[in-house]
Amino acid sequence: MLTENALTEASIRSIFEYERSRASALFTHWEHPFSALSFNRAKRAYGHAHADGRIVLSNTFVGTSATADLEDTIRHELAHLIAGIRFKHGPRWQQVAQSLGARPRASGRSESSELQEKMSDAPFTLIAVMRDGEARTMRKVFRRARRYLDYRYGKRGQRYHIKGEFIERFEYLDHRQ
Ligand SMILES: [Zn+2]
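If you're matching positions, the sequence shown starts at 114 in the numbering used here and goes up one per residue.
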């Protein structure tokens, strides 16, 4: 059932265009100049960037209100085109992704951990509990990651945030019961 603010292919394309022009203003040199946006039916990954400049987004976004996830995915994939796909999620990609405002994820990890972030049929949902106690749904995932389970605001190490608001801790919803 469609909600009032449900994403459509048209609204996804306009959000994409906004993010792309923003990225173009920040980065003049793109390792893989953007060529086209298309959609696939992938349930295993939110999006994919190709060396010929294509970005493919999962049409699983259509009909949802997952705008934050969509924006994050677009920035994530644009960062691959800018930084160079061969550098995967290394420091070069991280620097670009951060400039574009992508949420920290898959940082320095293999491409496979990203693929495990399934959008459906995944047994867990990652929830970010903000510092004011508000719980925000992040995404469905295949497994619980220690970097989120062990994370707590104020502890040493990386601090996660959503648009500048720091996350207090993460929780997982377990759908297996
Ligand atoms: Zn990636």
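Beta carbons are placed, not taken as given, at the ideal position from N, Cα and C, and that holds for glycine.
Quiz item: By Cβ distance, which residues of its chain are closer than 7 Å to ARG222, with the 5 residues on each side in sequence left out?
Solution: A caution first: ARG222 carries a pLDDT of 31, below 50, which makes its placement in the model unreliable, though a value can still be read off. Here the set comprises HIS202.
Self-check item: ARG265, buried or exposed, once every other Cβ within 10 Å from all chains shown has been counted against 16
Solution: exposed
Quiz item: Touching or not, the stretch 234-247 and the stretch 274-287, by the rule of three or more beta carbon pairs under 8 Å?
Solution: yes
Quiz item: Enumerated in chain order, which unbroken segments of the alpha helix (DSSP H) with a length of 4 residues or greater are wholly contained in the stretch 169-219?
Solution: 180-196, 204-213
Practice problem: Return yes when the C-beta of HIS202 is under 7 Å from any heavy atom of ligand 1, and no when it is not. | Solution: yes
Exercise. Determine the extent of the alpha helix (DSSP H) in which PHE129 is found, giving its start and end residues.
Key: 122-139
Quiz item: What do you reckon, are the CB atoms on ARG346 and GLY197 nearer than 8 Å?
Solution: Past the edges of the chain, shown from 114 to 290, lies residue 346, and the structure says nothing about it.
Exercise. With a threshold of 16 other CB atoms inside 10 Å of the CB of LEU139, please say whether the residue is buried or exposed.
Key: exposed
Practice problem: With distances taken Cα to Cα, identify the nearest neighbour of ARG244 among GLY267, GLU190, LYS156. | Solution: GLY267
Self-check item: DSSP three-state assignment for TYR264, whether helix, strand or coil
Solution: coil
Quiz prompt | Nearest-angstrom Cβ-Cβ length linking LEU120 and THR177, presumed shorter than 8 Å | solution = 6 Å
Self-check item: Closer than 7 Å: HIS193 CB and nearest ligand 1 heavy atom
Solution: yes
Practice problem: Check whether the Cβ atoms of ALA149 and ARG167 sit closer than 8 Å, and answer yes or no. | Solution: yes
Practice problem: Give the DSSP-derived three-state secondary structure of ARG259 in the structure shown. | Solution: helix
Quiz prompt | Nearest to MET251 (by Cα), restricted to the options TYR261, GLU122, ASP182 | solution = ASP182
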